[in-house]
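*Asks:* There's a structure below that I have some questions on.
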Amino acid sequence: MESASREEDGVWIVVEDQDLELDGMTLVADRESGDIVGLSSRSCSNEQKRSSMPSLKDHPNLKVVDLHNYRYMRHLHESVCELPDLRRLTLTRCDLLQKLPASIGRLDQLIELDLFDSFQLAELPEEISGCRSLKRLRLGGSPGVANKSLQRLPESLGNLFCLEDLQLDKCKRLKTLPSSLGGLSNLLRLSLRECKELKFLPPTIVRCTKLVELNLLKCISLKALPPDIGGLRHLEDLNMMKCKAMKQIPPSIGACEYLSFLDLRNCKSLTELPDELGSLSRLRILYLSGCTGLLEIPDLIGDLPRLEKLEFDSCTSLESIPASCSRFLEEDRAV
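Here the UniProt record's numbering is used: position 125 in the sequence shown is 125, and no number is missing along the way.
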């Protein structure tokens, strides 16, 4: 059925497949055992991409299944969920895929599930919690592509205790996040860029105490951060650029002792900043440009020992600028 080619990749060998159901796909075999451990559709022509995905039951040792741009597929074949050693499942740019089967929860060895740019995906099954080894989950879209179908995430999401990276960029109809989010005790990165209907973050997010990066860029309906946001004491990077409905920053942010980057550009409804920002001794970059409603900058900000960059141009409502911040004004003029 397969014959080895000359192309080698580490301990895997790319092979040719004579099975017409897998016509055009690239199969990868383990050099020592000969088992087929990888499959990719990236080499398929449009004519070879079918509306129904072929069965993979003849390849039970698959560890990687990459169906990038398998654009006519409407349903994931059940045989994928019967692969006991599957580590990575890529379903990016699967334009017609609307949901995953409940049996996805059987993939208890799965480490990465990528559904980026599969813009019609409308739901994740509650059974996703069975993917107990999952470290990376990507939904939503990249620039130029948006998911306008996904409105909610399953409450069982919080049972993915190994999850480190959760990306939900451009899920434009996502209105809420499950309260179980706080169960993601190993979460390091959470990206919600351009989730334009998201109004609040669940208060339980502060239980994600290992969180290092929180990206809320262009969450234009987001009105507030949880009052206890300071519980994210290991947070280093907080991007709230163009959160136009954000009215205030909780004083508890001063407890985010590792925060080094804070972007508040074009938060036009923001009228004040808490004095507790002056406690962020590791803060290096603070962007305030375009905060047209901001009335003042706390005096202590300019004295932060590691602050390298402070931008506050186009803050047209500023009544005064603290003397400690004047050096940054001079730097902007010099540039």
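Note that beta-carbon positions come from the ideal geometry of N, C-alpha and C, so glycine has one too.
All values reported here derive from a predicted model rather than from experimental measurement.
In the DSSP assignment, find the beta strand (DSSP E) that holds Thr90 and state where it starts and stops.
*Replies:* The residue you call residue 90 lines up with position 90 of the sequence shown. Run containing Thr90: 88-90, per the beta strand (DSSP E) assignment.
*Asks:* Less than 8 Å separating the beta-carbons of Arg189 and Cys162?
*Replies:* What you label residue 189 is simply residue 189 of the sequence shown in a count that begins at 1. What you label residue 162 is simply residue 162 of the sequence shown in a count that begins at 1. Against a cut-off of 8 Å, the Cβ pair of Cys162 and Arg189 comes out as no contact.
*Asks:* Do Gly38 and Leu56 have their CB atoms nearer than 8 Å?
*Replies:* Taking the first residue of the sequence shown as position 1, residue 38 is located at position 38. Taking the first residue of the sequence shown as position 1, residue 56 is located at position 56. Their beta carbons are not under 8 Å apart, which means Gly38 does not touch Leu56 by this criterion.
*Asks:* Considering only the alpha carbon of each residue, which of Arg87, Ser52, Asp85, Pro154 lies closest to residue 368?
*Replies:* Outside the modelled stretch of the chain, which goes from 1 to 335, sits residue 368, for which no answer is possible.
*Asks:* If the criterion is Cβ atoms closer than 8 Å, does the pair Leu310 and Cys325 meet it?
*Replies:* Locating residue 310 in the sequence shown gives position 310, counting from the first residue. Locating residue 325 in the sequence shown gives position 325, counting from the first residue. Against a cut-off of 8 Å, the Cβ pair of Cys325 and Leu310 comes out as a contact.
*Asks:* Under three-state DSSP, which class holds Cys94?
*Replies:* The count along the sequence shown starts at 1 and reaches residue 94 at position 94. Coil.
*Asks:* Suppose the cutoff is 8 Å on Cβ atoms and the five residues either side in sequence are ignored; what does the same chain contact list for Arg284 look like?
*Replies:* In the sequence shown, the residue the question calls residue 284 occupies position 284. Ser260, Phe261, Arg306, Leu307, Glu308, Lys309.
*Asks:* Restricting to Cα atoms, I'd like to know which of Ala255, Phe328, Leu216 is closest to His234.
*Replies:* The sequence position of residue 234 within the sequence shown is 234, counting from 1. Closest option to His234, Cα to Cα, is Ala255.
*Asks:* Straight-line CA distance for Pro226 to Leu198?
*Replies:* Numbered from 1 along the sequence shown, position 226 holds the residue referred to as residue 226. Numbered from 1 along the sequence shown, position 198 holds the residue referred to as residue 198. Between Pro226 and Leu198, the C-alpha separation is close to 13 Å.
*Asks:* Just curious, the beta strand (DSSP E) that Tyr72 is in, first and last residue?
*Replies:* Along the sequence shown, read from residue 1 onward, the residue named residue 72 stands at position 72. Careful: Tyr72 lies outside any beta strand (DSSP E) and carries neither H nor E.
*Asks:* Cys81 and Ser45: beta carbons closer than 8 Å?
*Replies:* Within the sequence shown, numbered from 1, the residue matching residue 81 stands at position 81. Within the sequence shown, numbered from 1, the residue matching residue 45 stands at position 45. It is not a contact, given that the beta carbons lie outside the stated cut-off.
*Asks:* Using the Cα positions of Leu137 and Val65, report the straight-line distance between them to the nearest angstrom.
*Replies:* The residue you call residue 137 lines up with position 137 of the sequence shown. The residue you call residue 65 lines up with position 65 of the sequence shown. Cα to Cα, Leu137 sits roughly 15 Å from Val65.
*Asks:* Can the beta-carbon of Cys315 be found closer than 8 Å to that of Leu288?
*Replies:* Numbered from its first residue, the sequence shown carries residue 315 at position 315. Numbered from its first residue, the sequence shown carries residue 288 at position 288. Cβ atoms of Cys315 and Leu288: closer than 8 Å.
*Asks:* Taking 8 Å as the threshold (C-beta atoms), are Gln120 and Arg87 in contact?
*Replies:* Your numbering for residue 87 matches position 87 in the sequence shown. Your numbering for residue 120 matches position 120 in the sequence shown. No, Cβ-Cβ distance for Arg87 and Gln120 is not below 8 Å.
*Asks:* For the beta strand (DSSP E) containing Gln167, name the first residue and the last one.
*Replies:* Taking the first residue of the sequence shown as position 1, residue 167 is located at position 167. 165-167 is the extent of the beta strand (DSSP E) around Gln167.
*Asks:* Considering only residues of the same chain and omitting the five flanking positions on each side of Ser191, which have a CB-CB separation below 7 Å?
*Replies:* For the purposes of this step, residue 191 is taken as the residue at position 191 of the sequence shown. Gln167, Leu168, Asp169, Asn215, listed in sequence order.
*Asks:* Give the DSSP-derived three-state secondary structure of Arg333 in the structure shown.
*Replies:* One-based indexing of the sequence shown puts residue 333 at position 333. Below a pLDDT of 50, predicted positions are generally treated as unreliable, and Arg333, at 47, falls in that range; the measurement from the model is reported next regardless. Reduced to three states, the DSSP call for Arg333 is helix.
*Asks:* Give the list of continuous beta strand (DSSP E) stretches no shorter than 3 residues that lie fully inside the segment 129-176.
*Replies:* Listed in chain order, the complete beta strand (DSSP E) runs (minimum 3 residues) inside the segment 129-176 are 136-138, 165-167.
*Asks:* Mind checking which residues open and close the beta strand (DSSP E) that includes Glu112?
*Replies:* Walking along the sequence shown from the start, residue 112 turns up at place 112. Here the beta strand (DSSP E) through Glu112 covers 112-114.
*Asks:* Across which residues does DSSP place Leu238 in a beta bridge pair?
*Replies:* Within the sequence shown, the letter at position 238 stands for residue 238. Partner(s): Leu214, Leu262.
*Asks:* Can you tell which of Leu238, Leu222, Leu232 has the C-alpha that lies nearest to the C-alpha of Lys244?
*Replies:* Working through the sequence shown from its first residue, we reach residue 244 at position 244. The shortest Cα separation from Lys244 among Leu238, Leu222, Leu232 belongs to Leu222.
*Asks:* My output table needs one value for Ser281: the three-state DSSP class, helix, strand or coil.
*Replies:* Along the sequence shown, read from residue 1 onward, the residue named residue 281 stands at position 281. Coil, per DSSP.
*Asks:* Taking just the CA atoms, how far does Val206 sit from Val212?
*Replies:* As a first step, residue 212 must be located in the sequence shown, where it is residue number 212. As a first step, residue 206 must be located in the sequence shown, where it is residue number 206. Straight-line Cα distance between these residues: approximately 12 Å.
*Asks:* Here's the rule: buried if 16 or more other CB atoms are within 10 angstroms of the residue's CB, otherwise exposed. What is Asp114?
*Replies:* Numbered from 1 along the sequence shown, position 114 holds the residue referred to as residue 114. Answer is buried; the Cβ neighbour count reaches 16.
*Asks:* According to DSSP, which residues form a beta bridge with Lys244?
*Replies:* As a first step, residue 244 is located in the sequence shown; it is residue number 244 there, counting from the start. DSSP output for Lys244 lists no bridge partner at all.
*Asks:* Between the C-alpha atoms of Ser320 and Leu295, what's the straight-line distance to the nearest angstrom?
*Replies:* For this step, residue 320 is matched to residue 320 along the sequence shown. For this step, residue 295 is matched to residue 295 along the sequence shown. Answer to the nearest angstrom: the Cα atoms are 8 Å apart.
*Asks:* CB-CB under 8 Å to Ile301, same chain, minus the five flanking residues each way: which ones, in chain order?
*Replies:* Taking the sequence shown and counting its residues from 1, one reaches residue 301 at position 301. Closer than 8 Å at Cβ, skipping near neighbours: Leu273, Leu277, Gly278, Leu286, Leu307, Leu310, Pro322, Ser324, Cys325.
*Asks:* Hey, out of Cys219, Gly144, Ser180, whose CA is closest to Cys208's CA?
*Replies:* As a first step, residue 208 must be located in the sequence shown, where it is residue number 208. When each option's Cα is compared against that of Cys208, the closest is Ser180.
*Asks:* Leaving out five residues on either side along the sequence, give the residues of the same chain with a beta carbon under 6 Å from the beta carbon of Val335.
*Replies:* If you number the sequence shown from 1, residue 335 lands on position 335. Bear in mind that the predicted position of Val335 carries a pLDDT of just 44, short of 50, making it unreliable; the figure below should be weighed with that in mind. Hits under 6 Å: none found.
*Asks:* Is Ser79 helix, strand or coil by DSSP?
*Replies:* Working through the sequence shown from its first residue, we reach residue 79 at position 79. Helix at Ser79.
*Asks:* Can the beta-carbon of Pro125 be found closer than 8 Å to that of Pro84?
*Replies:* As a working note, residue 125 is residue 125 in the sequence shown. As a working note, residue 84 is residue 84 in the sequence shown. Contact: no.
*Asks:* Can you tell which of Gly141, Gly144, Gly183, Phe200 has the C-alpha that lies nearest to the C-alpha of Gly158?
*Replies:* As a first step, residue 158 must be located in the sequence shown, where it is residue number 158. Comparing Cα positions, the closest option is Gly183.
*Asks:* How long is the line joining the alpha carbons of Asn61 and Ala122, rounded to whole angstroms?
*Replies:* For the purposes of this step, residue 61 is taken as residue 61 along the sequence shown, with counting starting at 1. For the purposes of this step, residue 122 is taken as residue 122 along the sequence shown, with counting starting at 1. Distance between the alpha carbons of Asn61 and Ala122 is about 30 Å.
*Asks:* Taking the alpha-carbon positions, what's the Leu293 to Lys268 distance?
*Replies:* In the sequence shown, the residue the question calls residue 293 occupies position 293. In the sequence shown, the residue the question calls residue 268 occupies position 268. The displayed chain sequence assigns Gly, not Leu, to residue 293. Near 6 Å, if we compare the C-alpha coordinates of Lys268 and Gly293.
*Asks:* Going by the CB atoms, is the gap between Asn147 and Leu139 shorter than 8 Å?
*Replies:* Mapped onto the sequence shown, residue 139 falls at position 139. Mapped onto the sequence shown, residue 147 falls at position 147. Result yes, Cβ atoms of Leu139 and Asn147 sit closer than 8 Å.
*Asks:* Since Leu177 and Leu201 should fall inside the 8 Å C-beta cutoff, what is the C-beta to C-beta distance between them, to a whole number of angstroms?
*Replies:* Along the sequence shown, one-based indexing puts residue 177 at 177. Along the sequence shown, one-based indexing puts residue 201 at 201. Their Cβ separation, rounded to whole angstroms, is 6 Å, which keeps Leu177 and Leu201 in contact under 8 Å.
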